[in-house]
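Each residue of the sequence shown is one higher than the one before, starting from 1 at the first, in UniProt numbering.
Below: the structure, in structure tokens.
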Amino acid sequence: MEEMEEELKCPVCGSFYREPIILPCSHNLCQACARNILVQTPESESPQSRRASGSGVSDYDYLDLDKMSLYSEADSGYGSYGGFASAPTTPCQKSPNGVRVFPPAMPPPPTHLSPALAPVPRNSCITCPQCHRSLILDDRGLRGFPKNRVLEGVIDRYQQSKAAALKCQLCEKAPKEATVMCEQCDVFYCDPCRLRCHPPRGPLAKHRLVPPAQGRVSRRLSPRKVSTCTDHELENHSMYCVQCKMPVCYQCLEEGKHSSHEVKALGAMWKLHKSQLSQALNGLSDRAKEAKEFLVQLRTMVQQIQENSVEFEACLVAQCDALIDALNRRKAQLLARVNKEHEHKLKVVRDQISHCTVKLRQTTGLMEYCLEVIKENDPSGFLQISDALIRRVHLTEDQWGKGTLTPRMTTDFDLSLDNSPLLQSIHQLDFVQVKASSPVPATPILQLEECCTHNNSATLSWKQPPLSTVAADGYILELDDGSGGQFREVYVGKETMCTVDGLHFNSTYNARVKAFNKTGVSPYSKTLVLQTSEAAGAHETKPMKGR
Numbered sequence: 001m002e003e004m005e006e007e008l009k010c011p012v013c014g015s016f017y018r019e020p021i022i023l024p025c026s027h028n029l030c031q032a033c034a035r036n037i038l039v040q041t042p043e044s045e046s047p048q049s050r051r052a053s054g055s056g057v058s059d060y061d062y063l064d065l066d067k068m069s070l071y072s073e074a075d076s077g078y079g080s081y082g083g084f085a086s087a088p089t090t091p092c093q094k095s096p097n098g099v100r101v102f103p104p105a106m107p108p109p110p111t112h113l114s115p116a117l118a119p120v121p122r123n124s125c126i127t128c129p130q131c132h133r134s135l136i137l138d139d140r141g142l143r144g145f146p147k148n149r150v151l152e153g154v155i156d157r158y159q160q161s162k163a164a165a166l167k168c169q170l171c172e173k174a175p176k177e178a179t180v181m182c183e184q185c186d187v188f189y190c191d192p193c194r195l196r197c198h199p200p201r202g203p204l205a206k207h208r209l210v211p212p213a214q215g216r217v218s219r220r221l222s223p224r225k226v227s228t229c230t231d232h233e234l235e236n237h238s239m240y241c242v243q244c245k246m247p248v249c250y251q252c253l254e255e256g257k258h259s260s261h262e263v264k265a266l267g268a269m270w271k272l273h274k275s276q277l278s279q280a281l282n283g284l285s286d287r288a289k290e291a292k293e294f295l296v297q298l299r300t301m302v303q304q305i306q307e308n309s310v311e312f313e314a315c316l317v318a319q320c321d322a323l324i325d326a327l328n329r330r331k332a333q334l335l336a337r338v339n340k341e342h343e344h345k346l347k348v349v350r351d352q353i354s355h356c357t358v359k360l361r362q363t364t365g366l367m368e369y370c371l372e373v374i375k376e377n378d379p380s381g382f383l384q385i386s387d388a389l390i391r392r393v394h395l396t397e398d399q400w401g402k403g404t405l406t407p408r409m410t411t412d413f414d415l416s417l418d419n420s421p422l423l424q425s426i427h428q429l430d431f432v433q434v435k436a437s438s439p440v441p442a443t444p445i446l447q448l449e450e451c452c453t454h455n456n457s458a459t460l461s462w463k464q465p466p467l468s469t470v471a472a473d474g475y476i477l478e479l480d481d482g483s484g485g486q487f488r489e490v491y492v493g494k495e496t497m498c499t500v501d502g503l504h505f506n507s508t509y510n511a512r513v514k515a516f517n518k519t520g521v522s523p524y525s526k527t528l529v530l531q532t533s534e535a536a537g538a539h540e541t542k543p544m545k546g547r
């Protein structure tokens, strides 16, 4: 019943209705709240003065003209009666329910008078805060609106059902849990308050005390106040005017207010409208059931979205990890090539160092030897070896010729990693929105019991699987050539039965069918073996067999 609580709250004060009245637009208001939103119109602009001047505009028509100016949704939050020349601008407020309402444009009634009995100034206007329909009040004021006794009863039952534990009604500070209820006093007592305020002696001894739960039930079953006529407060409603759509009393009928109207018994119309409301509720109940099923579907979608999100994230991480693994493998390959080039350069340079070192040592030894020879003072001995030494010196010098003292390998690595295409691809790495395409139809089922051959013709029938949810745009029937050759199309269309004529007698054909739609074609059905008659004129009808 918690969903019903908003239906039981006044759109102005946001609390449960207190003494609710029914406006002509069928909305409800607390009687006190209705008085608080009354607006007094100038005498010169009243509907009565307009009627006296010959204008045929009704109260509702007159007020509808000003409704847009009155309930302007301007950013300033203020509204005024644009049609009332002398009406002051009235600041606009919002109720706890979010409904735009207006504060009273007149002094509040004296505190010693109830809202129903307090006088209402002439030319007072009330505007429904829900539908913004306005109405000029007559001389009866708010007493002219019927009281919603049914709504009061529903609120009482709702509030009683919401009370978890019944409390004592006489405890001054913190109410204790009630232990009994007096049916005559209609009061709940705790034990101390019962002994103090309801002693079992004197006249109170005859009162019947019952448990609180039983007292709650008796309260629910107690008769409600009978609704009385708004025009004749001492008369109860006994009839129902069909044209006015309102209960009336006998005095209303005697005064002739509904003389030309269709009037029916109140009880009969009560039962009829209850039946109509029950029928309307049946349709609404179906919609509510569909809404509940839809909510279940949405909640299932939430769970599926969460599950799919986890699965999708895992797939994304796996794909990125695969890219990272591939990049690491390529990195290892490229590093191996760099290491190979590194080793090659070192080997070449080291070989050249070793060769130059040996040659330099030989050259240095030759130079030192030649210097020592030059120091000798024996001319004949010097001349014997000088020619050979000179040739050796020139030969050694030639060996240090062009290119010998040039490095065979550069220190730079003639390799440059071209990573720009890969970086660009990484930056462009993104999701592709895959459009959900409708699936292909299910594989058709050949109905063997309806397939047969007659003479040199064959009739085939097929259907979609019972649980198939994908519609087929058509079907393609194929037959071979009767000798095990290739299949060929013999029918394309929407029908699920086809007769093929002109086949060879005494031949065996293989048939198959597939469905298609805009998305594609389904797999082939099982192959059906067709056996034609042995000769013309034979009227044998043979059933088919599948394989």
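Ideal Cβ placement from N, Cα and C applies to all residues, glycine included.
Reference residue i, options the options, closest by Cα
| i | options | result |
| --- | --- | --- |
| Leu429 | Leu323, Asn36 and Cys252 | Leu323 |
| Gln36 | Cys25, Met4, Gly141 and Ser457 | For clarity, residue 36 is Asn in the given sequence; the question names Gln instead. The shortest C-alpha separation from Asn36 is found at Gly141. |
| Leu151 | Cys185, Met4 and Ser238 | Met4 |
| Leu360 | Thr404, Gly484, Lys375 and Asn510 | Thr404 |
| Arg408 | Ser259, Lys347, Glu254 and Glu307 | Lys347 |
| Gly144 | Tyr250, Gln31, Glu262 and Trp270 | Gln31 |
| Leu182 | Glu262, His198 and Pro192 | It is worth fixing the name first, because residue 182 is Cys in this sequence and not Leu. Comparing Cα positions, the closest option is His198. |
| Ala535 | Ile22, Lys514, Ser507 and Val529 | Ser507 |
| Met269 | Asn328, Ala288, Ala326 and His237 | His237 |
| Gly485 | Ala336, Ser533, Tyr509 and Met239 | Tyr509 |
| Leu266 | Cys249, His258, Leu415 and Glu255 | Cys249 |
| Gln243 | Cys25, Arg208, Leu166 and Lys264 | Lys264 |
| Lys245 | Gln251, Asp231, Glu255 and His261 | His261 |
| Leu335 | Glu307, Leu29 and Phe413 | Phe413 |
| Arg208 | Leu195, Cys185, Cys193 and Arg196 | Cys185 |
| Gln214 | Glu255, Gly256, Leu166 and Glu235 | Leu166 |
| Thr411 | Gln303, Gly493, Lys345 and Gln352 | Lys345 |
| Val154 | Pro466, Glu6 and Ala471 | Glu6 |
| Gly493 | Leu135, Asp473 and Thr499 | Asp473 |
| Gln362 | Glu397, Ser380, Gly381 and Ser386 | Glu397 |
Extent of the continuous beta strand (DSSP E) to which residue i belongs
| i | result |
| --- | --- |
| Glu478 | Gly474 to Leu479 |
| Cys125 | Ser124 to Thr127 |
| Leu135 | Ser134 to Ile136 |
| Pro20 | Pro20 to Ile22 |
Residue i to residue j span [Cα, whole Å]
| i | j | result |
| --- | --- | --- |
| Gln424 | Ile476 | 48 Å |
| Ala116 | Glu19 | Low confidence applies to Ala116: its pLDDT is 48, below 50, so where it sits in the model is not reliable, and the reading given next is rough at best. When rounded, the distance between both Cα atoms is 9 Å. |
| Ser285 | Thr496 | 40 Å |
| His394 | Trp400 | 10 Å |
| Cys241 | Phe294 | 42 Å |
| Phe487 | Val432 | 40 Å |
| Thr406 | Thr364 | 19 Å |
| Cys125 | Val210 | 49 Å |
| Tyr524 | Asp321 | 40 Å |
| Thr459 | Glu478 | 13 Å |
| Ser457 | Leu503 | 6 Å |
| Cys451 | Trp462 | 9 Å |
| Gln464 | Arg133 | 58 Å |
| Ala511 | Tyr491 | 11 Å |
| Pro444 | Ala288 | 38 Å |
| Asn455 | Phe516 | 31 Å |
| Ser253 | Ser259 | Residue identity differs from the one stated: residue 253 is Leu in this sequence, not Ser. Distance between the alpha carbons of Leu253 and Ser259: 7 Å. |
| Tyr17 | Glu233 | 22 Å |
| Ser417 | Arg337 | Reading off the sequence, residue 417 comes out as Leu, not Ser. So the two alpha carbons sit approximately 12 Å from each other. |
| Lys176 | Arg157 | 22 Å |
| Cys193 | Cys13 | 34 Å |
| Glu290 | Lys9 | 27 Å |
| Glu343 | Gln352 | 14 Å |
Residue range of the unbroken alpha helix (DSSP H) whose run includes residue i
| i | result |
| --- | --- |
| Asn36 | Gln31 to Asn36 |
Cβ separation of residue i and residue j, assumed to be a contact under 8 Å, to the nearest whole Å
| i | j | result |
| --- | --- | --- |
| Val180 | Pro212 | 7 Å |
| Ala178 | Cys190 | 6 Å |
| Pro441 | Ser522 | 5 Å |
| Leu316 | Leu446 | The pair is not a contact, with the Cβ atoms about 45 Å apart (cut-off 8 Å). |
| Asn123 | Asn28 | No, Asn123 and Asn28 are not in contact; Cβ-Cβ is about 24 Å, not under 8 Å. |
**Prompt:** What are the uninterrupted segments assigned as beta strand (DSSP E) that are 3 or more residues long and contained completely in the UniProt domain "B box-type" (224-266), given in chain order?
**Reply:** Correct list: 239-241, 246-248 and 263-265.
**beta strand (DSSP E) runs wholly inside the region 166-200, at least 3 long, in chain order** = 180-182 and 187-189
**Request:** Please list the segments of the beta strand (DSSP E) lying wholly inside the UniProt domain "COS" (374-432), counting only runs of 3 or more residues, in order along the chain.
**Result:** none
**Request:** Can you check the UniProt domain "Fibronectin type-III" (440-535) for any beta strand (DSSP E) of at least 3 residues that lies completely inside it and give the ranges in chain order?
**Result:** 452-454, 457-463, 474-479, 488-493, 497-500, 508-516 and 528-531
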